[in-house]
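Student:
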Amino acid sequence: MNNGIHWKKTHCARMDHGGCALLVGVKDNHIIRIKGDPDGYLNKGYTCPKGLASHERLTHPDRLRHPLKRIGERGEGKWERITWSEALETIVKNLRGVKETYGAKAVAFCQGMPKGIEHFGLIRLANTFGSPNVVATQDVCHAPREISGVMTCGFYPVADFHHKSELVILWGSNITATNEEGEICSLLFDQLKQGTDLIVIDPRRTDLGGRAKYWLQIRPGSDNALALAFINVIIQENLYDKDFTANWIHGFNELASTITDYSPEYMSQYTWISPELIRKAARAYAKSRPAAIQWGNPIEQNIQTFDTSRALISLMAICGNLDIAGGNIQANEPPFKSLGKFVRADLLPSKRKEMIHVHHGGLPKLMTIPPAYFKKAVLEGVPYPMKAAYVQCANPLLAQGHSPSTLEAFMNLDFIAVADIFMTPTASLADIVLPAATHFEFNDIGHCGLGHGVLLARPKVVDPPEECWPDIKIINELGKAMTRKEYWYDDYHDILDELLEPTGLDFAQFADMGYIKGEERFQKYLDSGFRTASGKVELMLTEAEKNKVSPLPVWKGPPEKDDPAFPLVLTSAKDPNYLHSSYRWLEPLRKRRPNPLIEIHPETAAKLNIKEGDPVVIETLSGTITQTAKLTDEIHPRVVNAAYGWWFPEDGTDPQYGWKKSNYNMLTSMDKIGKEFGTPNLKGIGCRIRRQGSV
Ligand SMILES: Nc1nc2c(c(=O)[nH]1)N[C@H]1C(S)=C(S)[C@@H](COP(=O)(O)OP(=O)(O)OC[C@H]3O[C@@H](n4cnc5c(=O)[nH]c(N)nc54)[C@H](O)[C@@H]3O)O[C@H]1N2
Ligand SMILES: Nc1nc2c(c(=O)[nH]1)N[C@H]1C(S)=C(S)[C@@H](COP(=O)(O)OP(=O)(O)OC[C@H]3O[C@@H](n4cnc5c(=O)[nH]c(N)nc54)[C@H](O)[C@@H]3O)O[C@H]1N2
Ligand code: SF4
Ligand SMILES: [Mo]
Numbered sequence: 091m092n093n094g095i096h097w098k099k100t101h102c103a104r105m106d107h108g109g110c111a112l113l114v115g116v117k118d119n120h121i122i123r124i125k126g127d128p129d130g131y132l133n134k135g136y137t138c139p140k141g142l143a144s145h146e147r148l149t150h151p152d153r154l155r156h157p158l159k160r161i162g163e164r165g166e167g168k169w170e171r172i173t174w175s176e177a178l179e180t181i182v183k184n185l186r187g188v189k190e191t192y193g194a195k196a197v198a199f200c201q202g203m204p205k206g207i208e209h210f211g212l213i214r215l216a217n218t219f220g221s222p223n224v225v226a227t228q229d230v231c232h233a234p235r236e237i238s239g240v241m242t243c244g245f246y247p248v249a250d251f252h253h254k255s256e257l258v259i260l261w262g263s264n265i266t267a268t269n270e271e272g273e274i275c276s277l278l279f280d281q282l283k284q285g286t287d288l289i290v291i292d293p294r295r296t297d298l299g300g301r302a303k304y305w306l307q308i309r310p311g312s313d314n315a316l317a318l319a320f321i322n323v324i325i326q327e328n329l330y331d332k333d334f335t336a337n338w339i340h341g342f343n344e345l346a347s348t349i350t351d352y353s354p355e356y357m358s359q360y361t362w363i364s365p366e367l368i369r370k371a372a373r374a375y376a377k378s379r380p381a382a383i384q385w386g387n388p389i390e391q392n393i394q395t396f397d398t399s400r401a402l403i404s405l406m407a408i409c410g411n412l413d414i415a416g417g418n419i420q421a422n423e424p425p426f427k428s429l430g431k432f433v434r435a436d437l438l439p440s441k442r443k444e445m446i447h448v449h450h451g452g453l454p455k456l457m458t459i460p461p462a463y464f465k466k467a468v469l470e471g472v473p474y475p476m477k478a479a480y481v482q483c484a485n486p487l488l489a490q491g492h493s494p495s496t497l498e499a500f501m502n503l504d505f506i507a508v509a510d511i512f513m514t515p516t517a518s519l520a521d522i523v524l525p526a527a528t529h530f531e532f533n534d535i536g537h538c539g540l541g542h543g544v545l546l547a548r549p550k551v552v553d554p555p556e557e558c559w560p561d562i563k564i565i566n567e568l569g570k571a572m573t574r575k576e577y578w579y580d581d582y583h584d585i586l587d588e589l590l591e592p593t594g595l596d597f598a599q600f601a602d603m604g605y606i607k608g609e610e611r612f613q614k615y616l617d618s619g620f621r622t623a624s625g626k627v628e629l630m631l632t633e634a635e636k637n638k639v640s641p642l643p644v645w646k647g648p649p650e651k652d653d654p655a656f657p658l659v660l661t662s663a664k665d666p667n668y669l670h671s672s673y674r675w676l677e678p679l680r681k682r683r684p685n686p687l688i689e690i691h692p693e694t695a696a697k698l699n700i701k702e703g704d705p706v707v708i709e710t711l712s713g714t715i716t717q718t719a720k721l722t723d724e725i726h727p728r729v730v731n732a733a734y735g736w737w738f739p740e741d742g743t744d745p746q747y748g749w750k751k752s753n754y755n756m757l758t759s760m761d762k763i764g765k766e767f768g769t770p771n772l773k774g775i776g777c778r779i780r781r782q783g784s785v
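Residue numbering for the sequence shown follows the numbering used here, beginning at 91 and increasing consecutively.
1) How is I172 classed by DSSP in three states: helix, strand or coil?
2) Comparing C-alpha positions only, which one of G244, L721, K205, P128 sits nearest to I339?
3) Looking only at its chain, what residues have a beta carbon closer than 6 Å to the beta carbon of R611, apart from the 5 residues adjacent to it on each side?
4) Tell me the DSSP secondary structure of T266 in three-state form.
5) Whose C-alpha, out of V468, L113, S428, V323, is nearest the C-alpha of T350?
6) Any residues whose CB sits closer than 7 Å to a heavy atom of ligand 4? List them in chain order?
7) Quick one: is the Cβ of A663 within less than 7 Å of any heavy atom of ligand 2?
8) Thinking C-alpha only, which one of G135, Y463, V433, F432 is nearest E444?
9) What do you reckon, are the CB atoms on P592 and F342 nearer than 8 Å?
10) With a threshold of 7 Å, establish whether the CB of E236 neighbours any heavy atom of ligand 2.
11) What does the alpha-carbon distance come out to for the pair T496 and K614?
12) How big is the Cα-Cα spacing for C409 and N328?
13) In terms of residues, what are the limits of the alpha helix (DSSP H) holding F396?
14) Under the DSSP definition of a beta bridge, which residues are partnered with V729?
15) Can you give me the C-alpha to C-alpha distance between I289 and A376, rounded to a whole angstrom?
16) From D413 to C777, what does the alpha carbon distance come to, in whole angstroms?
17) Check whether the Cβ of N533 lies closer than 7 Å to any heavy atom of ligand 1, and answer yes or no.
18) Quick check on DSSP: helix, strand or coil for L721?
19) Name the one or two DSSP bridge partners that R781 has.
20) For S672, list the residues DSSP reports as bridge partners.
21) State the start and end residues of the unbroken alpha helix (DSSP H) segment that holds I565.
22) Just checking P684 against ligand 2 - is the residue's beta carbon closer than 7 Å to any of the ligand's heavy atoms?
23) Going by C-alpha distance, which of Q746, V224, I237, P354 is nearest G483?
24) So for W385, helix, strand or coil by DSSP?
25) What's the call for T173, buried or exposed, on a 16-neighbour Cβ count within 10 Å?
26) Quick check: the segment 307-316 against the segment 263-279, are at least 3 beta-carbon pairs closer than 8 Å?
27) Identify which residue in E179, V544, A499, A407 has its Cα closest to the Cα of E628.
28) Say yes only if the C-beta of N637 is nearer than 7 Å to one or more non-hydrogen atoms of ligand 1, and no if none qualify.
29) Counting C-beta neighbours from all protein chains within 10 Å, is the total for R369 16 or more, i.e. buried, or is it exposed?
30) Using 8 Å as the threshold, is the C-beta distance between N485 and S671 below it?
31) Note the first and the last residue of the continuous beta strand (DSSP E) segment covering Q599.
32) Look at the alpha carbon of G774 and the alpha carbon of L306, and state the distance between them as a whole number of angstroms.
33) G539: beta carbon under 7 Å from a heavy atom of ligand 1?
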């Protein structure tokens, strides 16, 4: 303690997937300052601007502090303050009413990016209520990688940055900006200092792209083509791991015979990368051992995500990089209560048949409903009607693909409740808005269920203001009121202790330790094989027919057809200063990035008479928005990179805060869907641009 400041330890959360250990300076129940904790397992002192500004969320004058009830028309922006008991009673009455008339499955439980244990609490609430429909954005985030992993090799192979790799590929992953799932970039920087080689596959020359041995400036949307061309080179040039392939791979010969069609020369036309560079990069990966592939969202924001993910796992497998230190591993988890048990999956044995997406041929292993199918159910009653939604930690109007249909779906629901920390475009459509407590204000467990082999303690450091409640408390109270009382807990803190029980620690002891890590073990397949039908890595899926998917990863041509009316290729990347659509209202972050920028190559801009700072109209077949021009030669002349997640909390003239004007998802569509995960194309879309005011 000095100057009355107590320094408390916790982990950063809810500004991305979280992970950095923090030292938080607290005085009189207020956070004064935040520093990186040098003892942090993942960050060793590193923090980013979001983490350093994260306490400003707590004290913003416009933060939601009381439950609200809609008094005008839906979306009109007229509210009345109500008590918690009225709010909970209204939610219970309405959701029960829908259940009585249409059945429990007509109620959706919606989650955005999972932030902590509230995600599992929400699934438990849905299961105990009787609804199989938890709607989430996993169609474009992580489910494709994780489920393809489970189907192909029995686990989700994550890049191991805790042991030295000879080479790392950042494949559509910009970890200096996104640090995704705690793959904190400082861990990679340490490796680069020790001589690890780097390959970056990104349409933009990112910070690390500039430092890479090879930077492959890929045409957005063509990752499947590139991954298959890598496999072609490695098999044709005999560079694969013979031992591993002979013993542990199912379907090598079959893949080897289809892959002959996928030469670098052939795939160059789709990827815009020269055959020579594809060869050099593929050889470098095959000849370096161990090598890790850190793979990102672009692989999953594409209708071909199932094939792309399988091609990448095949690449890891044939080069012998699966489950070895410094490769792509099955992280060994510390003891923890089974999340399947915690969410009470046992109460809904028919779930895998009843989830909306299964009707559309989606994989039953996908446990959350893709938004595209949820919206179809609301708007067309297919496969059955959806009438109400409970939404937490999500802003679907900005974050789900094809925003116009999201608006239409929400406007057509009979009842909506939203828990958030701030009034958002989506919350503005609700009947009831609940004020959530957020990070630093309650005890939480970080990284559970992420598959990285670590659990991070997030002990509370200050009290939540006024009537803000943690989501997990809201869920616990709703559960008691809406389902059978015995499914729930006297106090939500009991949930934390129960989850931690197998560790032998209670939450307080866990918080003192800071984090717990699973014991390190590699090559677990040597003891028990891979957890697939054949016991091997399945380049060719044994259960393809049962799942109605193609047995081998294939290339069926580009996910979007070229259209001369839309000659540029549109993509997006996450802004280092924000999380999706969150926190545009945080002043320190908004100062760093005041408005949405579209990155354009100077040659392209010159042809269109666009200058730095000009307002630029961006059009696709689906919609039109405006952003501000940023000229940069870091991008391909035929590609533009638009900002994603923009709305304008300061716009008091519109009850939805100018949410259409610059919102990237006005430009995306749900017409084409990758059926396995219900995934739309969010990246690699034909577009045209012009200076606003010109024709
Ligand atoms: N076009 C396009 N679309 C995308 C993506 C893309 O790259 N391009 N990315 C996709 C990905 S990867 C994801 S994960 C999704 C994200 O989708 P969402 O998670 O829906 O995105 P956010 O805009 O961050 O919305 C989160 C909301 O949670 C609120 N919030 C913050 N803390 C708390 C809390 O403690 N409790 C509660 N109740 N609320 C809180 C924030 O204020 C915010 O309104 O979007 C997907 N959509
Ligand atoms: N600052 C910040 N951090 C975040 C988030 C955030 O919103 N903001 N969101 C969090 C979440 S939920 C997630 S899932 C992760 C996602 O983290 P990432 O996977 O890193 O997310 P993106 O920024 O969408 O994409 C990464 C890179 O892909 C490039 N790219 C664009 N199109 C293509 C393409 O077609 N192919 C290839 N190969 N590359 C392409 C972009 O230029 C970008 O540099 O980040 C987490 N961390
Ligand atoms: S990188 Fe992520 S976890 Fe680390 S300080 Fe930034 S927002 Fe927090
Ligand atoms: Mo995500």
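Beta carbons are placed, not taken as given, at the ideal position from N, Cα and C, and that holds for glycine. Computed from a predicted model, the values in this text were never measured in an experiment.
Tutor: In short, the structure shows the following:
1) Residue 172 sits at position 82 when you count from the first residue of the sequence shown. If DSSP states are grouped into helix, strand and coil, I172 belongs with coil.
2) For the purposes of this step, residue 339 is taken as the residue at position 249 of the sequence shown. When only C-alpha atoms are compared, the closest one is G244.
3) On the sequence shown, residue 611 is found 521 positions in, with the first residue counted as 1. Around R611: N422.
4) By one-based count along the sequence shown, residue 266 stands at place 176. Three-state result, T266: helix.
5) As a position in the sequence shown, residue 350 is number 260, starting the count at 1. Cα-wise, what sits closest to T350 is V323.
6) M203, T227, C231, H232, N387
7) Counting from one through the sequence shown, the residue named residue 663 turns up at place 573. True, at least one ligand heavy atom lies under 7 Å from that Cβ.
8) Reading the sequence shown from its first residue, position 354 is the one you call residue 444. That would be Y463, whose Cα lies nearest to the Cα of E444.
9) Taking the first residue of the sequence shown as position 1, residue 592 is located at position 502. Taking the first residue of the sequence shown as position 1, residue 342 is located at position 252. No, the pair does not count as a contact, with Cβ atoms beyond the cut-off.
10) For this step, residue 236 is matched to residue 146 along the sequence shown. Answer for E236: no, Cβ out of range of ligand 2.
11) Indexing the sequence shown from 1 puts residue 496 at position 406. Indexing the sequence shown from 1 puts residue 614 at position 524. Taking the straight line joining both Cα atoms gives about 44 Å.
12) Numbered from its first residue, the sequence shown carries residue 409 at position 319. Numbered from its first residue, the sequence shown carries residue 328 at position 238. Cα-Cα distance, rounded: 11 Å.
13) Translated into the one-based positions of the sequence shown, residue 396 becomes position 306. From DSSP, the alpha helix (DSSP H) with F396 extends over 395-408.
14) Position 639 of the sequence shown, counted from the first residue, corresponds to residue 729. Per DSSP, V659.
15) Residue numbering aside, residue 289 sits at position 199 when the sequence shown is read from its first letter. Residue numbering aside, residue 376 sits at position 286 when the sequence shown is read from its first letter. Cα-Cα distance, rounded: 12 Å.
16) Counted from its first residue, the sequence shown places residue 413 at position 323. Counted from its first residue, the sequence shown places residue 777 at position 687. Taking the straight line joining both Cα atoms gives about 41 Å.
17) As a working mapping, residue 533 is identified with position 443 in the sequence shown. Every heavy atom of ligand 1 is 7 Å or more from the Cβ of N533, so no.
18) To locate residue 721, count along the sequence shown from 1; it is residue 631. Reduced to three states, the DSSP call for L721 is strand.
19) Along the sequence shown, one-based indexing puts residue 781 at 691. DSSP, once it has assigned bridges, lists V706 as partnering R781.
20) In the sequence shown, residue 672 corresponds to position 582, counting from 1. For S672, which the question treats as bridged, DSSP gives the partners L669.
21) The residue you call residue 565 lines up with position 475 of the sequence shown. 561-572 is the extent of the alpha helix (DSSP H) around I565.
22) Along the sequence shown, read from residue 1 onward, the residue named residue 684 stands at position 594. No, the Cβ of P684 stays beyond 7 Å of every heavy atom of ligand 2.
23) Position 393 of the sequence shown, counted from the first residue, corresponds to residue 483. Note on residue identity: the sequence assigns Cys, not Gly, to residue 483. Closest option to C483, Cα to Cα, is V224.
24) For this step, residue 385 is matched to residue 295 along the sequence shown. Three-state DSSP puts W385 in a strand.
25) Against the sequence shown, residue 173 aligns to sequence position 83. Result: exposed.
26) no
27) Indexing the sequence shown from 1 puts residue 628 at position 538. The option with the nearest alpha carbon to E628 is A407.
28) Counting from one through the sequence shown, the residue named residue 637 turns up at place 547. No, since every heavy atom of ligand 1 falls outside the 7 Å radius drawn around the Cβ of N637.
29) Position 279 of the sequence shown, counted from the start, is the residue given in the question as residue 369. With 16 or more Cβ atoms within 10 Å of its Cβ, R369 is classed as buried.
30) Translated into positions along the sequence shown, residue 485 becomes position 395. Translated into positions along the sequence shown, residue 671 becomes position 581. A contact, by the Cβ cut-off of 8 Å.
31) Within the sequence shown, residue 599 is the residue found at index 509, counting from 1. Unbroken run through Q599 is the alpha helix (DSSP H), 597-603; no beta strand (DSSP E).
32) Within the sequence shown, numbered from 1, the residue matching residue 774 stands at position 684. Within the sequence shown, numbered from 1, the residue matching residue 306 stands at position 216. Answer to the nearest angstrom: the Cα atoms are 16 Å apart.
33) Start at 1 with the first residue of the sequence shown, and residue 539 comes out as number 449. Not under cutoff, so the answer is no.
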